[in-house]
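Residue numbers (the UniProt record's numbering): 1 to 194.
All residues carry an ideal CB built from backbone N, CA and C; glycine is no exception.
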Amino acid sequence: MKLLLIDNYDSFTYNLEHYFSALGADVMVKRNRDFKLEEVEEFDAVVLSPGPGLPQDAGLCMELIDQYHRSKPILGICLGAQAIAEYFGAELYNQQEVAHGISRIVHREENTWLLKGLDESFNVGLYHSWAIRPQGEFADRFKVVAKRSNSIVMAFEAEETALAGIQFHPESIMTEGGREMLMNWMNTIERLKG
Numbered sequence: 001m002k003l004l005l006i007d008n009y010d011s012f013t014y015n016l017e018h019y020f021s022a023l024g025a026d027v028m029v030k031r032n033r034d035f036k037l038e039e040v041e042e043f044d045a046v047v048l049s050p051g052p053g054l055p056q057d058a059g060l061c062m063e064l065i066d067q068y069h070r071s072k073p074i075l076g077i078c079l080g081a082q083a084i085a086e087y088f089g090a091e092l093y094n095q096q097e098v099a100h101g102i103s104r105i106v107h108r109e110e111n112t113w114l115l116k117g118l119d120e121s122f123n124v125g126l127y128h129s130w131a132i133r134p135q136g137e138f139a140d141r142f143k144v145v146a147k148r149s150n151s152i153v154m155a156f157e158a159e160e161t162a163l164a165g166i167q168f169h170p171e172s173i174m175t176e177g178g179r180e181m182l183m184n185w186m187n188t189i190e191r192l193k194g
């Protein structure tokens with residue numbers, strides 16, 4: 001699988017590159033302002049990395065989602081997940097508890113392809129101050145498949161194009177089953193290709 005990893009200027013990006021490469025993907029990393037949208041055509045799937053700030057500050061990420069969400073599998077992680085959610089009408093809000101470098105338990109839903117095989121509750125590494133409030137088209141298109149006990153959205157999925165978002169960091173050492181989540185996403189892409 002030829003995978004485009006968009007780097008939103010985050011130190012975790014190369015951990016993601018390592019994980020995906022170890023899972024068999026041919027990964028190309030491009031900074032969020034250092035590519036042309038038509039270059040995305042060359043890839044089978046796209047990952048939008050974590051990063052600082054808000055989606056509107058993330059280079060070409062919103063334009064990429066707009067142009068390719070119907071034709072390419074896209075996985076957003078942290079800022080990338082927020083970009084997908086906001087594009088589809090969810091609201092981002094500033095959390096009362098800033099979650100930078102902390103571990104918390106999340107609870108997954110049943111019947112989720114993204115978190116398949118993981119325990120019902122598991123620890124994740126959090127590095128975010130903004131959270132997703134489902135509304136609009138987002139609420140209709142996506143299934144929220146993991147939340148914290150305070151109901152903050154932690155993961156969502158839409159099966160038709162393997163479009164998904166993970167608010168926590170699957171590549172963090174604090175996250176249980178992170179590699180499995182990334183493999184589940186890649187396996188879903190292969191299954192949907194038929």
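Under 8 angstroms, do residue i and residue j count as touching if we go by C-beta distance?
{"i": "Val-29", "j": "Ile-77", "result": "no"}
{"i": "Lys-72", "j": "Glu-42", "result": "no"}
{"i": "Cys-106", "j": "Tyr-68", "result": "First, the amino acid is wrong: residue 106 is Val here, not Cys. Against a cut-off of 8 angstroms, the Cβ pair of Tyr-68 and Val-106 comes out as no contact."}
{"i": "Val-145", "j": "Thr-175", "result": "no"}
{"i": "Ala-162", "j": "Trp-185", "result": "yes"}
{"i": "Ser-103", "j": "Asn-123", "result": "yes"}
{"i": "Leu-75", "j": "Ala-164", "result": "yes"}
{"i": "Val-98", "j": "Ser-49", "result": "no"}
{"i": "Phe-88", "j": "Gly-51", "result": "no"}
{"i": "Arg-133", "j": "Ala-90", "result": "yes"}
{"i": "Glu-171", "j": "Asn-15", "result": "yes"}
Over the uninterrupted beta strand (DSSP E) stretch that includes residue i, give me the two end residues.
{"i": "Trp-130", "result": "121-133"}
{"i": "Gly-165", "result": "163-166"}
{"i": "Ser-103", "result": "91-108"}
{"i": "Ala-158", "result": "153-158"}
{"i": "Leu-114", "result": "Unbroken run through Leu-114: none, as it is neither H nor E."}
Where does residue i fall in DSSP's three states?
{"i": "Glu-171", "result": "coil"}
{"i": "Lys-193", "result": "helix"}
{"i": "Gly-178", "result": "helix"}
{"i": "Asp-7", "result": "strand"}
Within 10 Å of its beta-carbon, does residue i have 16 or more other beta-carbons around it, so buried, or fewer, so exposed?
{"i": "Ala-45", "result": "buried"}
{"i": "Arg-70", "result": "exposed"}
{"i": "Asn-8", "result": "buried"}
{"i": "Ile-173", "result": "exposed"}
{"i": "Arg-33", "result": "exposed"}
{"i": "His-18", "result": "exposed"}
{"i": "Arg-191", "result": "exposed"}
Considering residue i, what are the terminal residues of the alpha helix (DSSP H) in which it resides?
{"i": "Ala-85", "result": "79-87"}
{"i": "Asp-140", "result": "136-141"}
{"i": "Leu-16", "result": "13-22"}
{"i": "Asp-66", "result": "61-68"}
Could you confirm whether any beta carbon from chain C is found closer than 8 angstroms to the beta carbon of residue i?
{"i": "Phe-88", "result": "Reference to chain C is not applicable here, since this structure consists of a single protein chain."}
Quick one: which unbroken beta strand (DSSP E) runs of 3-plus residues sit fully inside the stretch 28-53? Chain order, please.
45-48
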